[in-house]
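Read through the structure below, which is laid out as structure tokens, and then see the notes.
There are 2 protein chains.
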Amino acid sequence: MLKLYSFGPAANSLKPLLTLYEKGLEFEGNRLNPAIFEHHQDWFKAINPRGQVPALVDGDKVITESTVICEYLEDEYPTEVKLRPADSYGRAEMRVWTKWVDEYFCWCVSTIGWSRMISGMAKAISAEEFEERVKAIPIPEQQVKWRRARDGFPQDMLDEEMRKIGVSVRRLEDHLANQEWLAGDMYSLADICNFAIANGMQFGFPEFVNANDTPHLLRWMAQINARPAVQKMYAEVPMERLETKD
Amino acid sequence: MLKLYSFGPAANSLKPLLTLYEKGLEFEGNRLNPAIFEHHQDWFKAINPRGQVPALVDGDKVITESTVICEYLEDEYPTEVKLRPADSYGRAEMRVWTKWVDEYFCWCVSTIGWSRMISGMAKAISAEEFEERVKAIPIPEQQVKWRRARDGFPQDMLDEEMRKIGVSVRRLEDHLANQEWLAGDMYSLADICNFAIANGMQFGFPEFVNANDTPHLLRWMAQINARPAVQKMYAEVPMERLETKD
């Protein structure tokens, strides 16, 4: 059976979780605890040496990178539910949108999210324990991010990321004002991957996402949240606890 | 007939150029002149509002983003030459590598390339003309990059990008030490997209790419450079001139 290693249903972990639910594929879910750096522990680095979730295990194969996992599921499991447009141009549009999430949208939201939510976690442990944990992180840029979570992100970086969040929200709103879905006239991985980052921004970033400024973005999020697969996923997959003890 | 708008055969422009040549697809090539900011001129922004090359025009459709264009050509033109592994796992591996180019490898090489080569171009024009041209750039981050090219990139940014180039080269070398091609046991878009950035680094970055440190990376580049489609492309598509007058 497929095995998914992930955090709770948010951000990059939400992408393959929702894809699996939409396609009705059975899988064994393994939720890691980010608060104890579980994804940097040796047992998990034996699965993904980069120490990143999500990771999908399919027989003797390990597939990494959330967007790549989603396309893999479409390639390997041609269920009746299709999450990729059938035509080449629709697929290209879809990939422009998933690529944009991975290269722009997710980063600005992630940095603000870390400074608001991961900082507490990083500060809650002793300096010695923190250093031990940082040492176990395979990607240098992730080490830097954890240190910033503990020591504070530079204000000019936070300001710049907030600017980019504004640009991102505007881009989505403008596009969704004219189209029901992001790409190819159908609900696709473009919507799933953007929804993974956007959902909840009406609460976390109400200055950007609200009924006055982004009615179409709200309409699109409500439509996705109303889907049976989405409701089933949120009902069944608990959010991760951000506690520092196992 | 397919129309490609690009710079010369290097970096992101090389990806679709080589894909078209490898697949033997006929196309009309339109080379823009970056030295006069031709890609930010209104006629081109009518084709790609983001003012970026490459862009592919196929009938009434415009496809943007170099990696997306490559996958589009595979989806839409199933020639005998295949540049994507047939199996889902091979495709996933290929996408991990093309994604890595777009999110990491291309950026560090690009920043150093800009500081070495585009700077002269940005400094060669008057302050007034420069401001006019910057105003025409639709993407704010690209405006910043052009300003840095003129005023100088911060040294700590250049140092960090050089560090990342070292990481990138090591990653390629380690992988190519064990595999002939990057993904799926075949020459694929993973190789084309990485080659687009890596080729020539033995001259531009000999401290990283040389016979002692990266024999397998050199072997791989030589193999690709020896391919008939690559030789034909370099023979037929001229490098762009970096002159400031048309």
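For the record, the sequence lines run as chains E and P. Going by numbering that gives the first Met the number 0, the residue at position 233 of the first sequence is 232; the numbering climbs one at a time, nothing skipped. Going by numbering that gives the first Met the number 0, the residue at position 193 of the second sequence is 192; the numbering climbs one at a time, nothing skipped. C-beta atoms are modelled at their ideal positions from N, C-alpha and C, and glycine is treated no differently.
- Excluding residues up to 5 positions away in sequence, C107 lie with their Cβ nearer than 6 angstroms to the Cβ of K163 of chain P in the same chain.
- In this structure N193 of chain P is buried. Its beta-carbon is surrounded by 16 or more other beta-carbon atoms within 10 angstroms.
- Beyond the five residues adjoining it in sequence on each side, M220 of chain E comes within less than 8 angstroms, by CB distance, of F194, A197, N198 and Q201 in the same chain, given in chain order.
- Around the beta carbon of D190 of chain P, 16 or more other beta carbons lie within 10 angstroms, which makes this residue buried.
- About 16 angstroms separates the Cβ atoms of Y4 of chain E and L24 of chain E, ruling out a contact at the 8 angstroms cut-off.
- V108 of chain E is outside the set of residues whose beta carbon lies under 9 angstroms from a beta carbon in chain P.
- Per the DSSP secondary-structure output, V229 of chain P pairs with nothing in a beta bridge.
- By the beta-carbon neighbour count (other beta carbons within 10 angstroms, threshold 16), V143 of chain P is exposed.
- Excluding sequence positions up to five before and after E92 of chain E, its CB lies within less than 6 angstroms of the CB of A182 and G183, all in the same chain and listed in chain order.
- For the pair S87 of chain P and E70 of chain P, the Cα-to-Cα distance works out to about 14 angstroms.
- Nearest neighbour of F152 of chain E by Cα position, chosen from E:I223, E:Q40, E:G112 and E:L13, turns out to be E:G112.
- Within 8 angstroms of the CB of I62 of chain E, the CB atoms of chain P belong to Y88 and A91, in sequence order along the chain.
- One Cα belongs to K134 of chain P, the other to E73 of chain P, and the distance between them is close to 36 angstroms.
- According to DSSP, residue pairing for F26 of chain E in a beta bridge involves E:L1.
- Proximity to K22 of chain E across E:L82, E:A45, E:N177 and E:E64 peaks at E:L82, based on C-alpha coordinates.
- Taking a C-beta distance under 9 angstroms as the contact criterion, I136 of chain P and H39 of chain P qualify as a contact pair.
- Chain-ordered, the chain P residues with CB closer than 8 angstroms to the CB of E75 of chain E read S87 and Y88.
- In terms of CA proximity to R218 of chain P, P:L175 leads the group P:A234, P:L175, P:M232 and P:S187.
- Close partners of Y71 of chain E in chain P (Cβ separation under 9 angstroms): S87, Y88, R90, A91 and R94.
- DSSP places L188 of chain E inside the alpha helix (DSSP H), whose first and last residues are L188 to A197.
- Assigned with DSSP and collapsed to three states, I124 of chain P falls in coil, not helix or strand.
- The three-state secondary structure of I35 of chain P, taken from DSSP, is helix.
- Membership of V168 of chain E in the alpha helix (DSSP H) is indicated by the continuous run Q154 to L175.
- Not a single C-beta of chain P is nearer than 9 angstroms to the C-beta of V100 of chain E.
- Judged by DSSP secondary structure, V95 of chain E falls within the alpha helix (DSSP H) whose first and last residues are S87 to W99.
- Check the Cα spacing between T18 of chain E and each of E:M238, E:Q230 and E:E239: the tightest is with E:Q230.
- In chain order, A91, R94, V95 and K98 make up the part of chain E whose C-beta sits under 7 angstroms from the C-beta of V67 of chain P.
- Per DSSP, L55 of chain P is not a residue of any alpha helix (DSSP H); the beta strand (DSSP E) it occupies stretches across A54 to D57.
- Under the Cβ criterion of 9 angstroms, D173 of chain P is not counted among the residues facing chain E.
- By the Cβ neighbour-count rule, T213 of chain E is buried, with 16 or more other Cβ atoms within 10 Å of its own.
- Looking at the backbone, the Cα of Y103 of chain P and that of T110 of chain P are separated by about 11 angstroms.
- 9 angstroms or more divides the Cβ of S65 of chain E from the Cβ of P48 of chain E.
- Taking C-beta atoms as the reference points, M185 of chain P and P77 of chain P fail to come closer than 9 angstroms.
- The continuous alpha helix (DSSP H) containing V108 of chain P extends over residues C105 to G112.
- In this structure, the beta-carbon distance from P8 of chain P to V236 of chain P falls below 9 angstroms.
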